[in-house]
Amino acid sequence: MKGLVQEVREHLAGALERALASAVSRGLLPAVTPPAFVVEVPREKEHGDFATNLAMLLARPARLAPRKIAEALVAHLDLTGISVEKVEVAGPGFINFYLAPHWVLAELPRIIGADHDYGRVNLGNGSRVQVEFVSANPTGLLHMGNARGAALGDSIAAILDFAGYRVTREYYINDAGNQIENFGRSLEARYFQLLGLPAQVPEEGYHGEDIIDTVRGFVERFGDQYLHAPEDERRRALVDYALKEKLAAIKKALEDFGVHYDVWFSEKSLHESGAVQEAIDILRRRGYLYEYEGALWFKATEFGVEKDEVLVRSNGVPTYFAADIAYHLDKFRRGFDRVINIWGADHHGHVARMKGAVAALGYNPHALEIVIMQLVRLYRGGELVRMSKRSGQFVTLEELVEEVGRDAARYFFVLRSADSHLDFDLDLAKEQSNENPVYYIQYAHARICSILRQMDREAPLPEQVDLGLLKEEAELALARKLADFPEEVALGAKDLAPHRMARYLHEVAGLLHSFYNSHRVITGDEALTAARLVLVDATRIVLRNGLRLLGLSAPERM
RNA sequence: GUCCCAGUAGCUCAGCUGGACAGAGCAACGGACUUCUAAUCCGUGGGUCGGGGGUUCGAAUCCCUCCUGGGACGCCA
1 MKGLVQEVRE HLAGALERAL ASAVSRGLLP AVTPPAFVVE VPREKEHGDF
51 ATNLAMLLAR PARLAPRKIA EALVAHLDLT GISVEKVEVA GPGFINFYLA
101 PHWVLAELPR IIGADHDYGR VNLGNGSRVQ VEFVSANPTG LLHMGNARGA
151 ALGDSIAAIL DFAGYRVTRE YYINDAGNQI ENFGRSLEAR YFQLLGLPAQ
201 VPEEGYHGED IIDTVRGFVE RFGDQYLHAP EDERRRALVD YALKEKLAAI
251 KKALEDFGVH YDVWFSEKSL HESGAVQEAI DILRRRGYLY EYEGALWFKA
301 TEFGVEKDEV LVRSNGVPTY FAADIAYHLD KFRRGFDRVI NIWGADHHGH
351 VARMKGAVAA LGYNPHALEI VIMQLVRLYR GGELVRMSKR SGQFVTLEEL
401 VEEVGRDAAR YFFVLRSADS HLDFDLDLAK EQSNENPVYY IQYAHARICS
451 ILRQMDREAP LPEQVDLGLL KEEAELALAR KLADFPEEVA LGAKDLAPHR
501 MARYLHEVAG LLHSFYNSHR VITGDEALTA ARLVLVDATR IVLRNGLRLL
551 GLSAPERM
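full-length UniProt numbering puts the first residue of the first sequence at 1, with every later residue one more than the last.
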C-alpha cells in the first residue's frame, strides 16, 4: 500500500525525469546523467506543496546557472494527472509545485477504507526480521534500562511489522555462565542465613532484597533438605528454583508492560545441544581461531576490532561471547534476513566483534543491526535517583508501571531517540495534568470518540459525502498531516526510530485540537457535518493506529 | 590514552543520508469555557545550533581540530 503523498511525490519525480530527457533531446540542456534528486515538502508553506532541487544538482555537470536549468525543465514538464495549479522557479533554483488546496482530501476515503490497516507499507516485502531486546539476566528484576529497551524494542518490532516485515520478537535468557555461578553462591549464602547459619553474600554477588524473598520461598518448599547435600547439588537446586521464579516475574512484568515475545531462547540450551562447540568448530575450520596461553582466541582484529577475543578460557569454560556467536549462528540459520539487537550503551564495545563473528561465520555482517540505547537517568523531586543493581537499589519495571502507569511509562521511553540519554522524570510522568504530554494524544482520540458518540449513527461513508466542503485551513492542515502517516511508518521503520511516531502523533493531535476549538463538527448543515465527521473519523483511525505502534492505548473516554 | 554517544531557546529534546528566514513540549507572560470533553485552544517573548577552521551555489547537518558531559575498553556478562 502506498500513501497519496508518496504517489504524488513519485509522479512528480517521474515527470521531472521526463522533462529532463525531453529538454536534453531538444538540445536545451547538455546530455548529463540524471542526479539523485529529491522531491520534498518545503518547510515554508509559501514554497508550495512540493519542491525539487533537481536544477541545482544539474548546475555543475551541465555548467549552466541553476535557475536557467529550472526554467528549461519547467518548460518541458507534463503534469497531466496531478492537480498542480502553479509551478515556480524560486530561490537559488528550486522548482516549487503548488497543488489545488483540496488535493489531499482524496486520502480521507482511503484512510476510512483501510481502517486498521491504514499506514501499512510494503517496505519489507515480507522479508523476515528478528528483534531481540531486553534479554536481561534472569537473576533479578527488570530495571529502568531494561524498561526502555522493552518499550523501544517492542515499538520497533511493531513498526517493522506495519512496514511489511515478518517480525519475530525474541528474548535471550542468560541462564548459563559465570553470572549464574555467582548467582548460585549468592543464593546459597542467603539459604544458610535463613537457616540460621553464618554466611556472607560474595562481594560481587547479588545483594538485592528480592533474592532473600526468593530463597525464603525455597526454604518454605524444601526446608533444610539441601543443607547437607553436596555443594553443587544444593546450588543447582537453588539456581533452578530461582531462575524459574525470576523468569516468571520478568515475563509477567513485560506482559503488564504490553510486551509479548514470540521466542524465549535459552543460553543454556546452546551449551547442552553442542551448538557452542559447533560454532567454535566452524570458526576453527575457517581459520579464525588460535590458541594462546591455554585459551582459545578469535581473530577479531581481522575484522577491524582493536583486539582479539577469548572464546574458551584456559580453564576450558567457554565465554559469554562464544555462546553469543552460537546464538547468532542459530538466528541466521533460522533464515532471518535481518537480525536486530537492542543493546544498552554499556554493550557498545561488543558491536564490532559481534559483527566480526557474523562475518567469520560466513554471513553478511550488515544483516546484523545493533541499536545502541543510551542509559536512563531517573529523577524524583528534581533529584537524580541513584541506582545500583548490585546493591539491589533500583526502581523496577513493575514499580514503574505501578507508579506512573503503563501508557505514561511507554510514552516517555519512546519519546526520545535511542542514542539520546533519557532523563526520566517520575513526577512528570505521574502527573495527570496538562503538564504531562502523554494525555495530549490520547485526549484527541477520546474527543473524537465523544463526537462520534454524540451522533446516533456511524460516521457517514466518505463516498456519500461532499468532501469538497472542507475548505477551512484547519481542516486542510489536519487532512494533510494525516496523509503523512504511511511515510512516517516507512521512515520510522527505516531508521528504527519510534520517537518519530511519537512526535508525529503529537502533531496530529495538535491539529485536531486546533480544529476542534475553531470549528464545530456537528452543525445544522448536514452536508458539512457529514464531511467533518469523515475528517475526524479518519483522524481517529490514524491516532489509534499510531498509538498501537507505540504500545499505547487509545481510550474512548477520558 | 583509544573508541562510541551527546552538546541546538531558561529546562527536556526534535531536526543531522546538505537545501530556501532554526522547531516542539514544559516553564514565563496575556487572552478564550451558556457550545461536540478547557487533560484543550489563541497570542507574546525567548537562539553566537559548544568554540575555531575547512568543503559547497548553500552547513545545525559533511571533514579536521579543540573543549565539556556520559559510556566502553576483563580468560565478566
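For glycine and all other residues, C-beta sits at the position ideal for the given N, C-alpha and C. Note that the structure is predicted; figures quoted are calculated from it, not measured.
Paired residues, beta bridge with residue i - DSSP
i	result
Phe94	Ala90
Gly344	Met373
Trp297	Tyr290 and Val310
Trp264	Tyr171
Arg128	Arg166
Asp484	BP columns for Asp484 are empty, so no partner.
Thr52	Val39 and Ile95
Arg380	Glu383
Asp330	The partner list for Asp330 (beta bridge, DSSP) is empty, contrary to what the question assumes.
Arg338	Val129
Pro318	Val312
Leu422	Val376
Leu368	Val339
Val84	Leu99
Residue j beta carbon less than 8 Å from that of residue i
i	j	result
Ile448	Val376	no
Arg410	Ala151	yes
His207	Asn545	no
Ala279	Ala326	yes
Met373	Gly149	yes
Ala15	Leu79	yes
Leu512	Ala477	no
Pro555	Gln442	yes
Glu487	Val5	yes
Leu270	Ala323	yes
Met144	Leu378	yes
Ile340	Gln179	no
Ile69	Ala75	no
Asp427	Ser127	no
Ala300	Val310	no
Ala72	Leu29	yes
Ala497	Ser417	yes
Lys252	Thr139	no
Gly164	Ser186	no
C-alpha distance - residue i paired with residue j, whole-angstrom precision
i	j	result
Gly468	His102	7 Å
Ile451	Met558	13 Å
Ala493	Leu195	54 Å
Ile112	Phe485	13 Å
Pro92	Ser155	41 Å
Arg169	Ala229	40 Å
Gly153	Tyr516	34 Å
residue 566	Gly335	The question about residue 566 has no answer, for the chain in this structure spans 1 to 558.
Tyr288	Gln277	14 Å
Phe50	Glu255	44 Å
Arg110	Glu463	11 Å
Ala479	Leu54	28 Å
Asp262	Phe183	27 Å
Arg532	Glu46	26 Å
Glu85	Ser514	27 Å
Arg406	Gly258	8 Å
Ile159	Val489	7 Å
Ala31	His328	49 Å
Val312	Glu267	16 Å
Leu238	Ser314	28 Å
Pro202	Ala444	53 Å
residue 560	Ala408	This structure cannot speak to residue 560, because the chain is shown only from 1 to 558.
Ile342	Asp495	13 Å
Arg216	Arg235	15 Å
Asp224	Glu209	21 Å
Near the ligand GDP: residue i beta-carbon under 7 Å from a heavy atom
i	result
Leu4	This structure does not include the ligand GDP; it has no bound ligands of any sort.
Nearest-angstrom beta carbon gap, residue j and residue i [assumed within contact, 8 Å]
i	j	result
Phe298	Ala357	7 Å
Ser35	Leu12	The sequence shown places Pro at residue 35, not Ser. Not a contact, Cβ separation roughly 16 Å.
Val534	Leu243	Contact doesn't hold; Cβ gap of about 54 Å is too wide.
residue 617	Leu543	Lying before the first or after the last residue shown, residue 617 is absent from the chain, which here runs from 1 to 558.
Leu397	Ala147	5 Å
Thr52	Ile95	5 Å
Pro42	Met56	Not quite, the Cβ-Cβ distance comes to about 14 Å (not below 8 Å), so this is no contact.
Phe303	Ala367	With a Cβ gap of about 15 Å, Phe303 and Ala367 do not count as contacting.
Val104	Ala345	Going by Cβ atoms, the distance from Val104 to Ala345 rounds to 41 Å, so no, they are not a contact pair.
Cβ contact check for the region 281-289 and the region 158-175: 3 or more pairs under 8 Å: no
Inter-stretch contact at 8 Å, needing at least 3 Cβ pairs: the region 122-141 / the region 465-481: no
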